Amino acid sequence: MTAGASRALPRPVVDVLPAVVLFVAAAACWVVTAQRMDGMDMGPGTDLGGLGWFAGIWATMMAAMMLPSLVPMERAYAAAAGGRGRWSFRPVAATTGFSAGYLLVWVLAGVVAYAVFEGIRSLDPAWLAWDRAGPYLAGGVIIGAALYELTPAKATCLRHCRQPELLTHNRRPGPIGAMRDGIGHGGYCVGCSWALMAALFALGVMSLGWMVVVASVVAIEKLLPWSKVAVAATVSLLLVLGVGVALFPGNVPGLTIPMST
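Take any residue in the sequence shown, note its place counting from 1, add 254, and you have its number in the numbering used here.
Shown next, in the form of structure tokens:
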């Protein structure tokens, strides 16, 4: 056995370590999110607070919701990163940089959503009150998310989120390269799931229950072997949910009805 080979990480460790790290990180973020959001669910139109506070809680939310569905990509990326030396942590460094770049894209997307949301709120449009057009707008956003599921843009982004070989084929070396790869993959993930996040805003972005629902939908679409079945199930769920919020909001389980003014 050569000196270089004696320092190599065993293959089972390379295969399992990324999944373990991601699940532990996601679990910790779920705990933090639940603590920080306790009692904050005011349904659609929830006050998002200051930009700094929102950016922090949004980053934690995205880590909790998105990291578990990133496991296949992280495992493939760690395997492609390889490493010489038994105690080489090149795969760990590569996946850490990749995850950081990935979450950075989601934080930037959250800042854009915050700007749009607060921009509309600053206009104080009375017609958006819940006892006027509010339910129809919220339901329309959710139905719009269902329709986006059927677009070519969604199909292209979902394909990149489901096929690790598309990511690893052009992998960039080094920590900076790993972060750039994470940013690129995060862009596809935002393209795949931005409409689902818009639906989360329409349901109540500070609702832990709806977070779990949306995170489950994201995971099913990315991890279920039959992508067409997953997309069809998502479309059906969103259409039913959108119609329910628009026409029968009081009968939608888990939906907090906002106070009308």
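All C-beta atoms in this analysis are idealised placements derived from N, C-alpha and C, irrespective of residue type, glycine included.
Keep in mind that this is a model prediction, so the values were computed, not measured.
Does DSSP classify N505 as helix, strand or coil? helix
Given this structure, state the Cα-to-Cα distance separating G303 from V286, to the nearest angstrom. For G303 and V286, the distance between alpha carbons rounds to 17 Å.
Less than 8 Å between the CB atoms is what I'm expecting for T510 and G297, so what's the real figure, rounded? With 8 Å as the limit, T510 and G297 qualify as a contact, their Cβ atoms being about 4 Å apart.
Beta carbon of S447 nearer than 9 Å to that of T300: no
Near S323, what residues of its chain come up, given a Cβ to Cβ distance below 7 Å and the 5 sequence neighbours on each side ignored? V472, A473, K476 and L477, listed in sequence order.
Check whether the stretch 421 to 432 and the stretch 365 to 375 are in contact - that is, three or more C-beta pairs closer than 8 Å. Pairwise C-beta distances place the stretch 421 to 432 out of contact with the stretch 365 to 375, as fewer than three of them are shorter than 8 Å.
Between G463, T405, I437 and P507, which lies nearest to A486 when the distance is taken from Cα to Cα? The shortest Cα separation from A486 among G463, T405, I437 and P507 belongs to T405.
Quick check: what's the CA-CA separation for L454 versus V395? Take the alpha-carbon of L454 and the one of V395: they are about 9 Å apart.
Is P272 closer than 9 Å to R329 when the C-beta atoms are compared? yes
Chain-order list of residues whose beta-carbon lies under 7 Å from that of G463 (same chain, five-residue window excluded): G508
Check whether M319 and V459 have beta carbons under 9 Å apart: no
If you draw a straight line from the C-alpha of T314 to the C-alpha of V278, how long is it? 13 Å
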